[in-house]
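Contents: one structure, followed by commentary.
2 protein chains.
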Amino acid sequence: MNKLLIVGTVAFDAIETPFGKTDKILGGAATYIGISASFFNVKSAIVSVVGDDFPQEYLDLLTDRNIDISGIEVVKGGKTFFWSGLYHNDLNSRDTLVTELNVLADFQPKVPQDYKNAEIVMLGNLHPLVQSSVLDQMETKPKLVVLDTMNFWMDCALPELLDIIKRVDVITINDEEARQLSGEYSLVKAAAKIHEMGPKYVVIKKGEHGALLFHGKEIFFAPALPLEDVFDPTGAGDTFAGGFSGYITQSENVSFDNMKNAIIYGSNLASFCVEKFGTERMVDLDENEVVSRLKQFKSLTQFDIEL
Amino acid sequence: MNKLLIVGTVAFDAIETPFGKTDKILGGAATYIGISASFFNVKSAIVSVVGDDFPQEYLDLLTDRNIDISGIEVVKGGKTFFWSGLYHNDLNSRDTLVTELNVLADFQPKVPQDYKNAEIVMLGNLHPLVQSSVLDQMETKPKLVVLDTMNFWMDCALPELLDIIKRVDVITINDEEARQLSGEYSLVKAAAKIHEMGPKYVVIKKGEHGALLFHGKEIFFAPALPLEDVFDPTGAGDTFAGGFSGYITQSENVSFDNMKNAIIYGSNLASFCVEKFGTERMVDLDENEVVSRLKQFKSLTQFDIEL
Chain A
1 MNKLLIVGTV AFDAIETPFG KTDKILGGAA TYIGISASFF NVKSAIVSVV
51 GDDFPQEYLD LLTDRNIDIS GIEVVKGGKT FFWSGLYHND LNSRDTLVTE
101 LNVLADFQPK VPQDYKNAEI VMLGNLHPLV QSSVLDQMET KPKLVVLDTM
151 NFWMDCALPE LLDIIKRVDV ITINDEEARQ LSGEYSLVKA AAKIHEMGPK
201 YVVIKKGEHG ALLFHGKEIF FAPALPLEDV FDPTGAGDTF AGGFSGYITQ
251 SENVSFDNMK NAIIYGSNLA SFCVEKFGTE RMVDLDENEV VSRLKQFKSL
301 TQFDIEL
Chain B
1001 MNKLLIVGTV AFDAIETPFG KTDKILGGAA TYIGISASFF NVKSAIVSVV
1051 GDDFPQEYLD LLTDRNIDIS GIEVVKGGKT FFWSGLYHND LNSRDTLVTE
1101 LNVLADFQPK VPQDYKNAEI VMLGNLHPLV QSSVLDQMET KPKLVVLDTM
1151 NFWMDCALPE LLDIIKRVDV ITINDEEARQ LSGEYSLVKA AAKIHEMGPK
1201 YVVIKKGEHG ALLFHGKEIF FAPALPLEDV FDPTGAGDTF AGGFSGYITQ
1251 SENVSFDNMK NAIIYGSNLA SFCVEKFGTE RMVDLDENEV VSRLKQFKSL
1301 TQFDIEL
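Top line first, the protein sequences correspond to chains A and B.
Just so you know, the first sequence maps onto residues 1 to 307 in the working numbering.
Just so you know, the second sequence maps onto residues 1001 to 1307 in the working numbering.
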């Protein structure tokens, strides 16, 4: 079984949407990535940090899904990273209400020995220096390194971000961030510029408008499944990244054609994530639902024109 | 060969985009629909009205594409409908600078006798009463009636619009208009409400984000082709409608599966329309380019997951 190494936040989130609000609940990029990747036949481990205020039940939730948490440092007397956000009526934009870095401020990631030869590395959204440090600790060159990041790091750690971008095979980024990073409005031109920064594959996430995969001149597009209601978009991008990297790890095939499938699997899992608050929908999702919705993706996009 | 009856404006447009501006050039919904449908093996006719200021060369351009223009009334001493618009930097929004109805104000459409038994009727954007009058003149029931409309008629002629919506099989409408017409933000819910107003098929156009086809619980999605540059979006929606109705007319197959293909053909033709000002790109487009881009649409969307 292939190994997937995940780095990213494990956190508390408090979310408010037009449909309701939560107290502090389980959140964090690595949490969503790990849960999403657990739908595939892979060995996975999370590298992250929490405080000793982090409930054992949340850690148990991850180990119950066969995620190795030996790389999650628990800081005695420390407080877990906390994020709070308010979504606007269209759910496409949000205000960050609170960001408490807490134990994340001084985080030195430690990759478990058993994962220093992981086939696939998924660098979830986090300080670029932390992402770089994880790559530095690998003892064998991974078959594929996937990077997710966001505009925050472009604003406050651009040189470090450009360093790590240079070292990865795939970058996943949203449309506005791709425009900011490249200085190009056209996503085709933006992807071309980001290719030049290093990654052979550029994935541009457009939220409810789907995701684009660029590889040189080749382009693939996966729509988001049209849903009656989007309840809470938190974690959708990370769930997408987890499905993408989990599928690639399981199949151990890093061809462009296989990445198309990975994009579809990622979009499929993300379509569940937004149906309830936080990780709620993902933790009670079963395999039959996943397959049934994959069939919906096929009928949504496949057509029969002979050329 | 099957017949396609088109009603809509034939007009002068003056367009300004971030890339340049035009004088009065050939425009109008029926013009774009007719040119787009001319890429299929169909007999087509346009019902419309112009003033005697309308250049013969524009009429010749239509007849050169085998479009029957006997239903285009030329009003002696009348002035042709004129629209002028300014696109913003993102090309997704525009301001209307001038709308001169001119001969359109008193337009009484007359369907040529030879087209009163047309298999397919494409009601382009125009006053709902004009669209209704065209349907009233049909002597045999068309196999399919397609309606395109816009928010303007929702604002100023809603009862008449709801009357014509009741009578058509397919409605094509953009996302904001679907939300306005239905009062629902979710496009899945909006389509369900519009179904209840009459049309069995609802096509929601999302511009650069593609188009959705709804038929009860069935949904199909066609992306817009990612382009390096969009030059001028004018007429893209009409070109889409012309490709859709032209393909349906040629194939004479009104099944949901065939409509998927029609949506792809429409999206394909629309992707060319936006590459130059007005109808410029469409009139010098050749069959090889159309087929080559259809192949791009296939590789953009087709994947190989066995379920």
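Think of the CB as a built atom: it goes at the ideal place given N, C-alpha and C, for glycine as much as any other residue.
Treat the numbers as computed from the prediction; the structure is a model and nothing was measured.
So, at 7 Å on beta carbons, what are the nonlocal neighbours of residue i in its own chain, with the 5 sequence-adjacent residues on each side left out?
i       : result
B/P1112 : A1045, D1068, S1070 and G1071
A/L144  : I120, D169, V170, I248 and V254
A/P223  : G210, L300 and T301
B/A1118 : K1003, L1004, L1005 and P1142
B/S1251 : N1258
A/I165  : L147, I171, M197, G198 and P199
A/E218  : F256
A/R281  : F272, C273 and E275
Assign residue i to one of three DSSP states: helix, strand, or coil.
i       : result
B/I1248 : helix
A/H195  : helix
B/M1259 : helix
A/L123  : strand
A/S299  : helix
B/K1141 : coil
B/D1013 : strand
A/V130  : helix
A/R281  : helix
A/D90   : coil
B/N1268 : helix
B/D1304 : coil
B/I1164 : helix
A/E289  : helix
A/V188  : helix
A/G28   : coil
B/I1033 : helix
A/D155  : helix
B/A1211 : strand
A/N2    : coil
A/V274  : coil
Between residue i and residue j, how many whole angstroms is the CB-CB distance? I'm expecting something under 8 Å.
i      : j       : result
A/K205 : A/I173  : 7 Å
A/Y58  : A/L26   : 5 Å
A/G85  : A/L97   : 6 Å
A/P128 : A/D163  : 7 Å
A/L307 : B/V1291 : 6 Å
Which residue wins for smallest C-alpha separation from residue i, given the options the options?
i       : options                               : result
A/T22   : A/I35, A/W83, A/M1 and A/R65          : A/W83
A/D95   : A/A14, A/L212, A/S267 and A/N125      : A/A14
B/T1249 : B/G1020, B/G1028, B/T1017 and B/S1038 : B/S1038
A/E208  : A/K79, A/N117, A/S271 and A/N41       : A/S271
A/D155  : A/L181, A/P142 and A/L135             : A/L181
B/D1175 : B/P1128, B/N1151 and B/F1054          : B/N1151
B/Q1108 : B/A1262, B/L1004, B/F1240 and B/S1048 : B/S1048
A/Q56   : A/V74, A/T239, A/L212 and A/E280      : A/V74
B/G1235 : B/F1081, B/L1212 and B/A1029          : B/A1029
A/G8    : A/F54, A/S93 and A/D148               : A/D148
B/G1020 : B/G1124, B/K1276, B/M1197 and B/D1060 : B/K1276
A/H88   : A/L126, A/F54, A/P18 and A/D106       : A/P18
B/V1283 : B/M1001, B/D1060 and B/V1050          : B/D1060
A/D106  : A/D114, A/L126 and A/S93              : A/L126
Quick one: residues in its chain with C-beta nearer than 6 Å to the C-beta of residue i, no 5 flanking neighbours on either side, listed in chain order?
i       : result
B/T1031 : V1010
A/V146  : M122, V170 and S245
A/P233  : L91 and V274
B/G1243 : S1036, Y1265, G1266 and L1269
A/M138  : K116
A/A262  : F244, Y247 and I248
A/D238  : A29, Y32 and I33
A/L364  : Since the first and last residues shown for chain A are 1 and 307, residue 364 of chain A lies out of range.
B/F1220 : L1213 and K1260
B/Q1131 : L1123 and I1164
Does residue i get closer than 8 Å to chain E when you measure Cβ to Cβ?
i       : result
B/S1186 : In the structure shown, chain E cannot be found, because the protein chains are A and B.
Quick one: residues in its chain with C-beta nearer than 8 Å to the C-beta of residue i, no 5 flanking neighbours on either side, listed in chain order?
i       : result
B/L1225 : S1267, N1268, S1271, R1293, Q1296, F1297 and L1300
A/T63   : I69
A/G34   : I6, S44, I46, L62, R65, I67 and G242
A/D52   : V74, V75, K76, G77 and G78
A/G278  : D13, I15, T22, I25, L26, G27, D232, T234 and G235
B/E1289 : F1272
A/N41   : M1 and Q250
So is the beta-carbon of residue i under 7 Å away from any non-hydrogen atom of the ligand COA?
i     : result
A/F40 : As far as ligands go, the structure on display features none, and thus does not contain the ligand COA.
Taking 8 Å as the cut-off, does the stretch 1219 to 1236 of chain B touch the stretch 173 to 192 of chain A (at least 3 CB pairs, one atom from each stretch)? Enough Cβ pairs lie closer than 8 Å, so yes.
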